[in-house]
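In the working numbering, the protein residues as written are 35 to 424. To start, the structure under review is shown below, and the notes come after it.
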Ligand code: APR
Ligand code: PHB
């Protein structure tokens, strides 16, 4: 079979790309090694930058997000018990939407299928070939049968552990990485969050984040060891620690409830350069990872595929290859700024076991500055709601 664009991976990057291409009249197929049920249930973060929420509206997939998503006009930052608000609306006149990534994925899949689009779920043995020719190919197996798709272009949207990045010949890509000496223990619970906005809390016992998925569903995280065994934490211990890290009123304002999801995530920053080889274009987690403290993962994936769709449009409509050739440069300029912001938020808010007392004092000064200076809180707000995608 033949398509213009073959997409590997049905995460936010691959699915959003398929809708962007559909709007441009460019045909594509998605191949995904997991089942539809699996990708629709995979729990990830849940913050949509201002422009990303607007893009979902434009693509006709925003209805449920607008109904069930929670619009936030700011965040709170805790500093050992005191809390200060960063008012996005007042500082940069923008807001964000809190809406689980797996809900976004459900909406995107439904829209793609409603358009008559093809998603091949539960494939195996995916491989890519002839990347340096103008007829790159995707091979995979499904129900025991081998398939081959000949494409004009391949979009590698297969996440950090996918096959696209490792298929680029040795020596082409350079990888930049930072691994942090901590992780996050995350829970979902049937209980209202302590505030109607997110609380990012610095505490001498470690970082805590208090988020939500709905007015009666809390999503909360505790800084922990990256190799922490989640089973060693009883629900009671998790609640006690979450209360402590909120500060003196934690006991009063944090309501407990049935915990129905628990997991540990390690934290890393990672970028690969370039993000293209021949006719293979990497997008989203396949090309970069950010620690979740800046809430940037899904938004970066969405920005990459928006840039890629503009480049493919120029190619197909005007036979202009300049945007395709400039894809890496265009993406990386925004990605490195998001890396910078994610690193800034992460190092400002976590206790690093390798840090000295000097570093702790500097951290407190940084938190105080960021939450009291209009210039500094404007910079935080501008980055949090999302840098431009022009
Ligand atoms: N063949 C087909 N599909 C694959 C393969 C393969 N060999 N390997 C991985 N995949 C699929 C995965 O099952 C997954 O559904 O590719 C998809 C990649 O999706 P994500 O990991 O969600 O990555 P992306 O779409 O770039 O979205 C980035 O997801 O990881 C979070 O925090 C991250 O929010 C960010 C967002
Ligand atoms: C979440 O709600 O899961 C979430 C929110 C903000 C973050 C990370 C995760 O920075």
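Glycine included, every Cβ here is placed at the ideal spot set by N, Cα and C.
One alpha carbon belongs to residue 369, the other to residue 387, and they sit about 28 Å apart. Under the DSSP assignment, residue 179 falls in the beta strand (DSSP E) whose first and last residues are 179-190. Contact between residue 342 and residue 315 holds, with the beta-carbon distance rounding to 6 Å and staying under 8 Å. Runs of the beta strand (DSSP E) lying entirely within the stretch 291-334, each at least 3 residues long, are 292-307 and 314-316 in chain order.
In this structure, residue 194 sits away from residue 338, with a CB-CB distance that is not shorter than 8 Å. Along the stretch 113-158, the beta strand (DSSP E) occurs as fully enclosed runs of 3 or more residues at 116-121, 130-132 and 152-154, listed in sequence order. Across the set 83, 294 and 422, the C-alpha of 83 shows the shortest separation from the C-alpha of residue 135.
The three-state secondary structure of residue 209, taken from DSSP, is strand. The C-beta distance from residue 307 to residue 207 rounds to 7 Å, short enough to meet the 8 Å contact threshold. By the C-beta density criterion, residue 192 is buried, having at least 16 other C-beta atoms within 10 angstroms. For residue 235, the secondary structure class from DSSP, reduced to helix, strand or coil, is strand. Shortest gap from the CB of residue 386 to any heavy atom of the ligand APR: 7 Å or more. For residue 412, the enclosing alpha helix (DSSP H) stretches over residues 408-419.
Apart from sequence neighbours up to five positions away, the residues of its chain that approach residue 312 with a beta-carbon distance below 6 Å are 165 and 166, ordered along the chain. Within 7 Å of the C-beta of residue 162 there is not a single heavy atom belonging to the ligand APR.
As computed with DSSP, residue 65 is found in a beta bridge with 42 and 154.
Under the Cβ criterion (8 Å, minimum of three pairs), the stretch 202-217 counts as touching the stretch 247-262. Here the stretch 135-153 makes no contact with the stretch 288-303; the two share fewer than three CB pairs at distances below 8 Å. Around the beta carbon of residue 178, a 10 Å sphere encloses fewer than 16 other beta carbons of the protein chains shown; the residue is thus reported as exposed. For residue 163, the secondary structure class from DSSP, reduced to helix, strand or coil, is strand. DSSP places residue 355 outside any alpha helix (DSSP H), giving it a letter other than H or E. Within the DSSP bridge table, the entry for residue 72 names no partner. Residue 372 counts as buried, since no fewer than 16 other beta carbons sit within 10 angstroms of its beta carbon.
In the three-state reduction of the DSSP assignment, residue 216 falls in the strand class, which pools E and B.
The closest CA to that of residue 184, considering only 190, 176 and 172, is found on 172. In the three-state DSSP reduction, residue 201 falls in the helix class (H, G or I). Per DSSP, residue 367 is one residue of the alpha helix (DSSP H) stretching across 361-383.
For residue 108, the secondary structure class from DSSP, reduced to helix, strand or coil, is strand.
Residue 70 holds the alpha-carbon nearest to the alpha-carbon of residue 157 among 204, 70 and 128. For residue 248, the enclosing beta strand (DSSP E) covers residues 242-248. Collapsing the DSSP output to three states places residue 223 in a strand. Distances from the alpha-carbon of residue 38 to those of 111, 94, 160 and 168 put 168 closest. Not one heavy atom of the ligand PHB sits closer than 7 Å to the Cβ of residue 103. Taking the Cβ of residue 66 as the reference point, at least one heavy atom of the ligand APR falls within a distance shorter than 7 Å. Annotation for residue 189 indicates a beta carbon at 7 Å or more from all heavy atoms of the ligand APR. Under the DSSP assignment, residue 101 falls outside any beta strand (DSSP E), being part of the alpha helix (DSSP H) whose first and last residues are 97-102.
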